[in-house]
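Peer 1: Quick note, the sequences are listed as chains A and B, same order.
The first sequence lines up with residues 1 to 237 when you count with this note's numbering.
The second sequence lines up with residues 1001 to 1293 when you count with this note's numbering.
For each residue, glycine too, the CB sits at the ideal point set by N, CA and C.
First, the structure itself, so that you have it in front of you.
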Amino acid sequence: MNWGGPIIHTGGGWSAIQFLTALFPPDFSPDFLAIAFKATWQTVTYAVAGITLAVAIGLPLGIIASGTILKESSPWRTPLIASTRLLLGALRAVHELVWAVLLVAAIGLSPMAAIIALALPYAGILGRIYAELLQDVPQQPLQALRAAGASPLRVLLYGYLQMALPDMLGYSFYRLECGIRAAAIMSFVGIPGLGFQIQISMHDLLFSQVWTLLMFLVALIVLVDLWSTRVRRSLLA
Amino acid sequence: MIRSPNAIRAYRQQRQPLTFARASFYAFFLIAATSWGFILLSGDSGLTDLFTTKTWGNAGRFLSAMLGLNSELTPAYLQASRWMDTGKLAYHTLAMSVLAIGIAGIGAFLTLLLAARNVSNGDLGGAPSRAGTVAYHVTRASYIFSRGVPELVWAMIIVFFLSPGILPGALALGFHNYGIVGRLTAEVVENLDPAPARALRAAGAGNTKMLLYGILPQALPQFITYLLYRWEVVIRTTVVVGFVSSGGLGREFILRLSWFHYTDVSVIIVWYLALVIGVDLLSAWLRRLARFE
C-alpha cells in the first residue's frame, strides 16, 4: 500500500471538474430517457424478486428460530433453535455482493444467481427480525387458544402470525428500499439495471448521463421510501 | 343467513376494509408476479440450470477448490505468512470502516441543527427565518441524495478523481452513511423534549450553546447508538467497496478470485467473517456503554 502518493491522481482534478459541470444539464434526450426507464424497471424487477425469495426463505427459518412451534419439552428444541440462529447469522454476515461474486464463480452468471445472492443476506435479516417479532407477541390470547385445544400449528397460524403480521409486513416493506439499492449494485457482476448503466456511462466518460441515472436512482429510492413509510403508518393505525 | 352476492361483499368489506396497507400488499403482489414473469420469461434466467448436475458439479468443484482439495499446491490456509499478509489487509479494511463512520458522523453532526424542523421553525425558541427554512430543505435534500446513491456507486465515481487506496472507499462509505445517520439524528432532535433548549434560549443562549447544552445531552446516546449500528453495516460493505476503490480485503478478494487462487479466497473470507463478528461484538458492548446503563 502506497500511503505517500498524491491523494488526487493525475488528471483527477480535471475529471472532477468535467463531472461537476456535466450536471448542467443532465442528459434528458428521449433516447437516453428510454434507456434510463428500462434500467429502472430492471432494477425494480431484481429487487422485488430478491425480496420475495428472501421472505420465502426467511419466514420458515424465522418461525423455527423463534421456537414457537416447538414444544418446551422437546429435546430438539434448543439445538434446532441454536443452529437456525447460527444459519441466519451466517447468511447476514456476508454482504450480498460477496454472495453474488461467490455464486457467479460457483454456478455461473445468470439472473437467478443475482437474485439468490440478494435473497440470502436479506433472508438472514428478515428471519432474525421475524423471530424477534414472533417472540414479542402477547401471551394471553395464545394461552386461550391452547386451552381451547388448538394444535401448535393452529396456535402459530391464528395466534402468533395473526398478531405479528402487521409488524412483519411493515419491516419487509422497509427492507424493499434497501433491496432496490442492492439490486442496483448487482451490476458489478454484470446484471443489467441502473448500476450497470452508470458503470457504462462512467467508462464512456459521459458524465451528464451518469447524473441522469443518479437522479433516476434517487427518485426511485425516494418513491419506495415514501411508499413503505405510508404502509407502515397505515399498518400501525 | 347472508345470501345475495352484494350482501356478502358488503359483509367482507365491513370485516376487511381496504386500507392503504392492504392495497399496497396487493400492489406488491402484482409487481412481484410481473417481476418474476419478466425474469423467468425473458431469455435465459438460469432457473433451469439450477437443477442440472453440471451446475452442481461446478459448485462442488468450486467448493473443493476453496478447501484446497485435489491440488498439489500447499493451500494458503496452511501458510502462516498468508494469514499475516491478509491480516494486514483486514486491518486496512477496519481502518477504512472507522474512517468512514468518522466522516459520516462528523458530517451528520455538523448539519444536525440545520436538518431539524423544530430548530428551523423556531419551535425550540429563536425566531424562524427564511434562511433557516432554506437551509433545512437543502440539508434534507443532501441527505436524500447521499443516502439514495449506493456505496458502490459512490466508490465508482470517487475513484475517477482520487488515487486508489483506503481513502476513496472510506469517502464512498462515509457519503452514503452521512445521509442515513443525518436523517436518523435529525429525527431524534425533532422528537426530543424541547423544554431545556427553550429555557436556554429564553436565557439568551445562541445556537452553539443551545446545541451543546440543550440538545446534545439528550440526543448523544441515540446518535452514538446509530453510528455504532451503521458501523456494523459498514464493516460488511467495506469489502464490496474495496472491489472498486482497491483498498483492503476487497481488492485482494477480487484479485485472488480472478487468479483462481481459491484457497487464498478462503483465508480472506475467514478474516472477513472475523472482522464482522468482532465489530458486531465490539459495537454491542459500546452501545451498552453509550446508554449509560
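Kindly give me the distance between the Cβ atoms of asparagine 1207 of chain B and leucine 1113 of chain B, rounded to whole angstroms, as I take these residues to be in contact under 8 Å.
Peer 2: Going by Cβ atoms, the distance from asparagine 1207 of chain B to leucine 1113 of chain B rounds to 6 Å, so yes, they are a contact pair.
Peer 1: Suppose you measure from the CA of threonine 1048 of chain B to the CA of serine 74 of chain A; what does that come to, to the nearest Å?
Peer 2: In a straight line, the C-alpha of threonine 1048 of chain B is about 39 Å away from that of serine 74 of chain A.
Peer 1: How is isoleucine 1144 of chain B classed by DSSP in three states: helix, strand or coil?
Peer 2: Reduced to three states, the DSSP call for isoleucine 1144 of chain B is helix.
Peer 1: So the alpha helix (DSSP H) glycine 1247 of chain B belongs to, where does it begin and stop?
Peer 2: Note, glycine 1247 of chain B: premise wrong, no alpha helix (DSSP H); not H, not E.
Peer 1: Is it the case that the Cβ atoms of phenylalanine 1161 of chain B and glycine 12 of chain A are separated by a distance below 8 Å?
Peer 2: Contact: yes.
Peer 1: Would you say tryptophan 227 of chain A lies against chain B (beta-carbon separation less than 8 Å)?
Peer 2: Interface residue, yes.
Peer 1: For valine 231 of chain A, I'd like the list of residues in its chain whose CB is within less than 8 Å of its CB, leaving aside the five on either flank, ordered along the chain.
Peer 2: Only Leu169, Gly170, Phe173 meet the Cβ criterion.
Peer 1: Rounded to whole angstroms, what's the CA-CA distance from alanine 1274 of chain B to tryptophan 1154 of chain B? Just pull it up for me.
Peer 2: Answer to the nearest angstrom: the Cα atoms are 26 Å apart.
Peer 1: Going by the CB atoms, is the gap between isoleucine 116 of chain A and isoleucine 180 of chain A shorter than 8 Å?
Peer 2: No, Cβ-Cβ distance for isoleucine 180 of chain A and isoleucine 116 of chain A is not below 8 Å.
Peer 1: On the DSSP bridge list, what partners appear for leucine 1162 of chain B?
Peer 2: Answer is A:Ile8.
Peer 1: Could you check whether the Cβ of arginine 175 of chain A sits closer than 8 Å to any Cβ belonging to chain B?
Peer 2: For arginine 175 of chain A, the answer is no, since every Cβ of chain B falls outside 8 Å of its Cβ.
Peer 1: Taking just the CA atoms, how far does alanine 1131 of chain B sit from glutamate 1151 of chain B?
Peer 2: Their Cα atoms are separated by approximately 31 Å.
Peer 1: DSSP three-state call for proline 138 of chain A: helix, strand or coil?
Peer 2: In this structure, proline 138 of chain A counts as coil in the three-state DSSP scheme.
Peer 1: What does a CB cutoff of less than 6 Å around serine 66 of chain A pick up in its chain, not counting 5 residues either side in sequence?
Peer 2: Closer than 6 Å at Cβ, skipping near neighbours: Ala131, Leu134, Gln135.
Peer 1: Here's a check: name, in chain order, each residue in its chain whose Cβ is nearer than 7 Å to the Cβ of glycine 1060 of chain B, leaving out the five neighbours to either side.
Peer 2: Here the set comprises nothing.
Peer 1: Are the CB atoms of glycine 50 of chain A and alanine 184 of chain A within a distance shorter than 8 Å?
Peer 2: Against a cut-off of 8 Å, the Cβ pair of glycine 50 of chain A and alanine 184 of chain A comes out as no contact.
Peer 1: Mind reading off the beta-carbon distance from alanine 1090 of chain B to leucine 1228 of chain B? Whole number of angstroms is fine, and I expect it under 8 Å.
Peer 2: Between leucine 1228 of chain B and alanine 1090 of chain B the Cβ distance is about 20 Å, and since that is not below 8 Å, they are no contact.
Peer 1: Taking only beta-carbon positions, decide if methionine 1 of chain A is within less than 8 Å of chain B.
Peer 2: With a pLDDT of only 49 at methionine 1 of chain A, under 50, the local geometry of the prediction cannot be trusted, and the value read off the model is given with reservation. Output row for methionine 1 of chain A: interface = yes.
Peer 1: Can you grab the Cα-Cα spacing for the pair serine 1042 of chain B / threonine 43 of chain A, in whole Å?
Peer 2: Whole-angstrom Cα-Cα distance: 15 Å.
Peer 1: May I ask you to report which of helix, strand or coil DSSP gives threonine 1086 of chain B?
Peer 2: In this structure, threonine 1086 of chain B counts as helix in the three-state DSSP scheme.
Peer 1: How long is the line joining the alpha carbons of tryptophan 1285 of chain B and alanine 1116 of chain B, rounded to whole angstroms?
Peer 2: Roughly 29 Å between the two C-alpha positions.
Peer 1: So if I threshold CB-CB distances at 9 Å, which residues from the stretch 1139–1153 of chain B count as touching chain A?
Peer 2: Of all residues in the stretch 1139–1153 of chain B, Ile1144, Phe1145, Arg1147, Gly1148, Val1149, Pro1150, Glu1151, Leu1152, Val1153 have a Cβ within less than 9 Å of some Cβ in chain A.
Peer 1: Using 8 Å as the limit for Cβ to Cβ distance, is arginine 1236 of chain B near chain A?
Peer 2: It does: the Cβ of arginine 1236 of chain B has a partner Cβ on chain A nearer than 8 Å.
Peer 1: What number of angstroms, rounded off, separates the C-alpha of arginine 1287 of chain B from the C-alpha of threonine 1225 of chain B?
Peer 2: Taking the straight line from one Cα to the other gives about 6 Å.
Peer 1: Select from B:Ile1158, B:Asn1118, B:Leu1067 the residue whose C-alpha is nearest the C-alpha of leucine 1171 of chain B.
Peer 2: The shortest C-alpha separation from leucine 1171 of chain B is found at B:Ile1158.
Peer 1: Give the straight-line distance between the Cα atoms of leucine 206 of chain A and threonine 21 of chain A, rounded to the nearest whole angstrom.
Peer 2: In a straight line, the C-alpha of leucine 206 of chain A is about 12 Å away from that of threonine 21 of chain A.
Peer 1: Using only alpha-carbon positions, find the residue among B:Leu1211, B:Ile1215, B:Gly1107 that is nearest to glycine 1174 of chain B.
Peer 2: Among B:Leu1211, B:Ile1215, B:Gly1107, the Cα nearest to that of glycine 1174 of chain B is on B:Gly1107.
Peer 1: Is it buried or exposed for alanine 1023 of chain B, if we count other Cβ within 10 angstroms and need 16 for buried?
Peer 2: By the 10 Å Cβ count, alanine 1023 of chain B comes out exposed.
Peer 1: Do the stretch 1212–1223 of chain B and the stretch 1180–1196 of chain B touch if we need at least three Cβ pairs shorter than 8 Å?
Peer 2: Counting Cβ pairs under 8 Å, three or more are found: they touch.
Peer 1: Taking the CB atoms as reference points, tell me whether proline 111 of chain A and isoleucine 200 of chain A lie closer together than 8 Å.
Peer 2: Against a cut-off of 8 Å, the Cβ pair of isoleucine 200 of chain A and proline 111 of chain A comes out as no contact.
Peer 1: Consider the Cβ of glycine 124 of chain A: report whether some Cβ of chain B lies at a distance smaller than 8 Å.
Peer 2: So, not an interface residue.
Peer 1: Which whole-angstrom value is the C-beta distance of serine 1035 of chain B and threonine 45 of chain A, which I expect to be below 8 Å?
Peer 2: The pair is a contact, with the Cβ atoms about 4 Å apart (cut-off 8 Å).
Peer 1: Excluding the 5 residues flanking leucine 235 of chain A on each side, which residues of the same chain have their C-beta closer than 8 Å to its C-beta?
Peer 2: Same-chain partners within the cutoff: Pro166, Asp167, Leu169, Gly170.
Peer 1: Can you confirm whether the stretch 80–98 of chain A touches the stretch 113–129 of chain A when touching is taken to mean that 3 or more C-beta pairs between the two stretches lie within less than 8 Å?
Peer 2: With a cut-off of 8 Å, the stretch 80–98 of chain A and the stretch 113–129 of chain A count as touching, because enough Cβ pairs lie within range.
Peer 1: Output the distance between the C-alpha atoms of glutamate 1293 of chain B and glycine 159 of chain A, rounded to the nearest integer angstrom.
Peer 2: Since pLDDT at glutamate 1293 of chain B reaches only 47, below the 50 mark, its modelled position is unreliable, and the value read off the structure follows with that caveat. Taking the straight line from one Cα to the other gives about 35 Å.
Peer 1: Given a threshold of 16 other Cβ atoms within 10 Å of its Cβ, counted over all protein chains shown, does isoleucine 7 of chain A qualify as buried or as exposed?
Peer 2: That one is exposed.
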